[in-house]
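K.L.:
Quick note: to get the working numbering, add 117 to the position in the sequence shown (first position is 1).
Where is the CB? At the ideal position from N, CA and C, for every residue including glycine.
What follows is a structure written as structure tokens; I'll ask about it next.
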Amino acid sequence: MALGDGAREYIGRKQAGLYALLLNWAGQMEGYSKTHAPWTDRTSHARQGIHGGVDERNGQHILYLSHGVEYGIWLEIAHGGNYAIVGPTADVHLPRIRQTVLEYWRD
Numbered sequence: 118m119a120l121g122d123g124a125r126e127y128i129g130r131k132q133a134g135l136y137a138l139l140l141n142w143a144g145q146m147e148g149y150s151k152t153h154a155p156w157t158d159r160t161s162h163a164r165q166g167i168h169g170g171v172d173e174r175n176g177q178h179i180l181y182l183s184h185g186v187e188y189g190i191w192l193e194i195a196h197g198g199n200y201a202i203v204g205p206t207a208d209v210h211l212p213r214i215r216q217t218v219l220e221y222w223r224d
């Protein structure tokens, strides 16, 4: 084993763990948004279509939450944002997500 191989392995394990940590947060945010969505369901498609996940691009992890219906954008921006859920869910969870990621990299 060459000098630095251990460091590469450690970083690889930490990145895999970060992916798992963020995937857990994606599930929590998805569940929160589905239970706290402020609109009244007519077909339940909008609520069922909300989904969260993690993408990896260029060595970065991207945590996302989005609508799965075409009119989801209108739930977020129309009527003064009264039916928005993606933005408010991010606002509620972002401080805790940030804290857990910082704690994860400290260990």
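Assuming His-178 is part of the beta strand (DSSP E), what are its boundary residues?
P.N.:
Unbroken beta strand (DSSP E) run through His-178: 177-183.
K.L.:
Quick check on the DSSP output: the alpha helix (DSSP H) that includes His-196 runs from which residue to which?
P.N.:
Taken as a continuous stretch (DSSP letters only), His-196 belongs to no alpha helix (DSSP H), as it is neither H nor E.
K.L.:
For Trp-142 and Thr-160, I'd like the C-alpha separation in whole angstroms.
P.N.:
27 Å
K.L.:
Consult DSSP for Gly-134 and reduce its assignment to one of helix, strand or coil.
P.N.:
Correct three-state label for Gly-134: helix.
K.L.:
Pull up the DSSP beta-bridge partners for Val-171, would you.
P.N.:
Leu-180
K.L.:
Just mark Ile-128 as buried or exposed, buried being the case when its beta carbon has 16 or more other beta carbons within 10 Å.
P.N.:
Exposed is the label assigned to Ile-128, since fewer than 16 other Cβ atoms lie within 10 Å of its Cβ.
K.L.:
Rounding to the nearest angstrom, what Cα-Cα distance links Arg-213 and Tyr-136 in this structure?
P.N.:
16 Å
K.L.:
Would a C-beta distance cut-off of 7 Å place His-184 and Leu-139 closer than the cut-off?
P.N.:
no
K.L.:
Taking Cβ to Cβ, would you say Ala-154 is nearer than 7 Å to Ile-190?
P.N.:
No, these two residues do not count as a Cβ contact at 7 Å.
K.L.:
Take His-196 as the anchor and find which of Gly-170, Trp-156 and Asp-208 has the nearest alpha-carbon.
P.N.:
Trp-156
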